[in-house]
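Q: Shown below is the structure under consideration.
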DNA sequence: TTGAAAACTGGCCGATCGGTCAGTCAAGAT
DNA sequence: ATCTTGACTGACCGATCGGCCAGTTTTCAA
C-alpha cells in the first residue's frame with residue numbers, strides 16, 4: 001500500500017479520460033453515466049464506485065486545468081499590476097491551448113457550474129484572472145477582458161480543425177488587440 | 001376567419017414569451033415543456049397542441065432574430081466588400097442588443113443547433129455574416145471575426161447587469177479593436 | 001492456501017423527460 | 001335546440017436519467 005493500487009488508478013484514469021472525450025463531444029448534460037461507463041469499458045455502477053456522482057466525474061475532468069489556473073492566480077498575485085497583466089495574458093493562452101479539451105467542456109457548463117459549490121474555487125479564480133488580464137480597475141477594461149475570455153473559450157471548440165500553434169497565434173493576436181497590448 | 005382566432009394567437013404568444021424567459025434563465029435543455037406550460041398558465045398538452053414539439057418552441061423563440069439576421073445578410077450581399085463589413089459590424093451589434101435575450105438563449109444551444117435541420121438557414125446565415133464581418137478571405141481575419149462573435153455572445157449574458165447603451169458601446173469598441181476598424 | 005479487503009457488476013428504484021390520445025368544454029352556425 | 005369545430009386538458013406511455021445495493025469476482029498479504 002505504499003503506492004495506490006494500480007487497478008484503482010488505471011480504472012479511475014480511464015473513466016476520466018473517456019468522460020473528457022464525451023463531455024467535449026456532446027456536452028456535460030447530454031452525456032450519461034452509462035455513456036461514460038461503456039466508453040471506459042466498465043459498468044455504470046463502477047463509475048459510481050470510483051466517484052460519488054456525476055459532478056464528481058466532472059470535477060476530476062476539470063481538476064488539472066483548475067489546479068493550473070489556481071497556480072497562475074497565485075503567481076500573478078505577487079507581481080506589480082503591469083507585469084501581472086502580461087503574465088496573465090501569456091500564461092492564460094498557454095493554459096487554454098494545453099487544456100483546450102477542458103476549455104471546450106467548460107463552455108457548456110458555465111451557467112451550471114456557478115451553482116455547484118464544489119466549483120466555487122475555480123469560479124473565484126476565473127474572476128481574479130479576469131481582473132489581472134484587465135490590467136486596471138476601469139470597468140471598460142474589465143469588460144474587454146471578459147470579452148476576450150469569452151472569445152477565447154469559443155475558439156477552443158472544434159479541436160480537430162486547428163493546430164495548437166495556430167490556436168496560440170490567433171489567441172495572442174486577439175487578446176493583444178482587445179487589451180491594447182500589441 | 002378573416003383574422004386568426006385571437007385566443008389562439010394570445011396563447012401561442014404567451015407560450016413563446018415564457019419559453020424565452022426560461023430558456024434564457026436556465027438554458028434550453030434544462031427547461032422542460034412542463035416548466036413552459038406552468039409559466040404560461042396552461043397545460044403541457046396545450047403547448048404541444050400549439051407546437052409540434054420542443055424544437056418547434058425553440059424555433060418560434062428564435063424566429064424574429066433569425067429573420068433580422070437573414071435580412072442583414074441579404075442587404076450585405078449587394079454591397080462592396082468594405083461597405084458590407086461596416087454594415088455587418090454596425091447592424092450586428094444592433095441586432096445583438098435588440099435581441100440580447102435570444103442571443104443569450106443561442107449561447108447554450110450552439111452545439112445542438114447545428115444538427116437540427118430546422119435551423120440550417122440560421123446557421124448558414126451566421127456563417128455568411130461572419131464572412132462579411134471578416135472583410136477579407138484572410139483566414140486570420142475570419143478567425144478574428146469568429147472570435148469577436150463569440151465574445152459578443154458571451155457579453156449578452158446576465159442581461160440585467162448592463163444597459164443596452166453600455167452593451168452597445170462595449171461591443172462597438174471590442175469589435176473595432178479586434179477587426180482593426182477603429 | 002486461504003481469507004479478508006478491494007474492485008466490480010446486474011438489477012432495481014423513483015423521478016422526470018418529451019410526447020400521445022381520448023375526451024371535455026365553450027362558442028358560433030344552422 | 002342541435003351540431004360542429006377549435007381550444008384545451010388529465011391521464012398515461014415508453015424511454016432514460018442518476019443513483020443505490022446486495023452480491024460476485026479478483027487480488028493479494030499472511
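Chains as they are written, first to last, in the UniProt record's numbering: chain A, 1 to 182; chain B, 1 to 182. Glycine is no exception: its CB is placed at the ideal position from the N, C-alpha and C atoms. Note that the coordinates shown come from a computational prediction; the quantities given were computed from them, not determined experimentally.
1. Could you work out which residue in 22(B), 131(B), 13(B) and 138(B) is closest to residue 221(B) when comparing CA atoms only?
2. With burial defined as no fewer than 16 other Cβ atoms inside 10 Å of the residue's Cβ, what is the status of residue 17(B): buried or exposed?
3. Touching or not, the segment 95-106 of chain B and the segment 16-32 of chain B, by the rule of three or more beta carbon pairs under 8 Å?
4. Can you tell me whether residue 107(B) is helix, strand or coil according to DSSP?
5. For residue 156(A), which option in 180(A), 130(A), 136(A) and 100(A) has the closest C-alpha, if you only look at C-alpha atoms?
6. Relative to the alpha-carbon of residue 139(B), which residue among 161(A), 65(A), 141(A) and 33(A) has its alpha-carbon at the smallest distance?
7. Helix, strand or coil for residue 116(A)? Go by DSSP, reduced to three states.
8. Whose Cβ in chain A lies nearer than 9 Å to the Cβ of residue 146(B)?
9. Are at least three pairs of beta-carbons, each pair with one atom in the segment 34-43 of chain A and one in the segment 72-86 of chain A, less than 8 Å apart?
10. Taking only beta carbons into account, state which residues of the UniProt domain "HTH tetR-type" (9-69) of chain B come closer than 7 Å to chain A, listed in chain order.
11. By DSSP, does residue 171(A) sit in helix, in strand, or in coil?
12. Return the chain-ordered list of same chain residues with a C-beta closer than 6 Å to the C-beta of residue 68(A), the five sequence neighbours on each side being excluded.
13. Ends of the alpha helix (DSSP H) at residue 161(A)?
14. Looking only at its chain, what residues have a beta carbon closer than 7 Å to the beta carbon of residue 77(B), apart from the 5 residues adjacent to it on each side?
15. Whole angstroms is fine: what's the gap from residue 131(A)'s alpha carbon to residue 36(B)'s?
16. If you drop the 5 nearest sequence neighbours on each side, which residues of the same chain put their C-beta closer than 8 Å to that of residue 20(A)?
17. What did DSSP end up calling residue 6(A) once you bin it into helix, strand or coil?
18. From residue 176(A) to residue 87(A), what does the alpha carbon distance come to, in whole angstroms?
19. Report the three-state DSSP secondary structure of residue 131(A) (helix, strand or coil).
20. So, does the CB of residue 111(A) fall closer than 8 Å to a CB anywhere in chain B?
21. Is it right to say residue 2(B) is buried, meaning 16 or more other beta carbons lie within 10 angstroms of its own, or is it exposed?
22. Assuming residue 33(B) and residue 47(B) are in contact, meaning their beta carbons sit under 8 Å apart, how far apart are those beta carbons, in whole angstroms?
23. Can you give me the Cβ contacts of residue 93(B) inside the same chain, cut-off strictly under 8 Å, excluding the 5 residues immediately before and after it?
24. Grouping DSSP H, G and I as helix and E and B as strand, with all else coil, what is residue 49(B)?
25. Would residue 177(A) count as contacting chain B if we go by Cβ distances under 8 Å?
26. Just mark residue 148(A) as buried or exposed, buried being the case when its beta carbon has 16 or more other beta carbons within 10 Å.
27. Rounded to whole angstroms, what's the CA-CA distance from residue 158(A) to residue 8(A)? Just pull it up for me.
28. Run through DSSP, which three-state label would residue 1(A) get?
29. Establish whether the CB of residue 124(A) and some CB of chain B are separated by less than 8 Å.
30. Suppose contacts are defined by Cβ-Cβ distances below 8 Å. Is residue 89(A) in contact with residue 181(A) by that definition?
31. Using CA coordinates, which residue listed in 22(A), 178(A), 123(A) and 49(A) is at the minimum distance from residue 142(A)?
32. Look up residue 27(B) in the DSSP assignment and say whether it is helix, strand or coil.
33. Among 11(A), 6(A), 111(A) and 125(A), which has the Cα closest to the Cα of residue 49(A)?
A: Quick look at the numbers:
1. As displayed, chain B neither begins before 1 nor continues past 182, which places residue 221(B) out of reach and without an answer.
2. exposed
3. yes
4. Per DSSP, reduced to three states, the secondary structure at residue 107(B) is helical.
5. The shortest C-alpha separation from residue 156(A) is found at 100(A).
6. 161(A)
7. coil
8. 151, 154 and 155
9. No, because fewer than three Cβ pairs between the segment 34-43 of chain A and the segment 72-86 of chain A fall closer than 8 Å, the two stretches do not touch.
10. Correct list: 27 and 29.
11. helix
12. 95
13. Premise fails: residue 161(A) is in no alpha helix (DSSP H) and is neither H nor E.
14. none
15. When rounded, the distance between both Cα atoms is 38 Å.
16. 61, 101, 102 and 105
17. helix
18. 13 Å
19. helix
20. yes
21. With a pLDDT of only 39 at residue 2(B), under the threshold of 50, the placement of this residue in the model should not be trusted; the figure read from the coordinates follows. So residue 2(B) counts as exposed.
22. Rounded to the nearest angstrom, the Cβ distance from residue 33(B) to residue 47(B) is 5 Å, consistent with a contact under 8 Å.
23. 152, 168, 171, 172 and 175
24. Residue 49(B) falls in the helix class under three-state DSSP.
25. yes
26. buried
27. 32 Å
28. Bear in mind that the predicted position of residue 1(A) carries a pLDDT of just 39, short of 50, making it too unreliable to give a figure here.
29. Not a single CB atom of chain B sits nearer than 8 Å to the CB of residue 124(A).
30. yes
31. 178(A)
32. The answer is coil: DSSP assigns residue 27(B) none of H, G, I, E or B.
33. 11(A)
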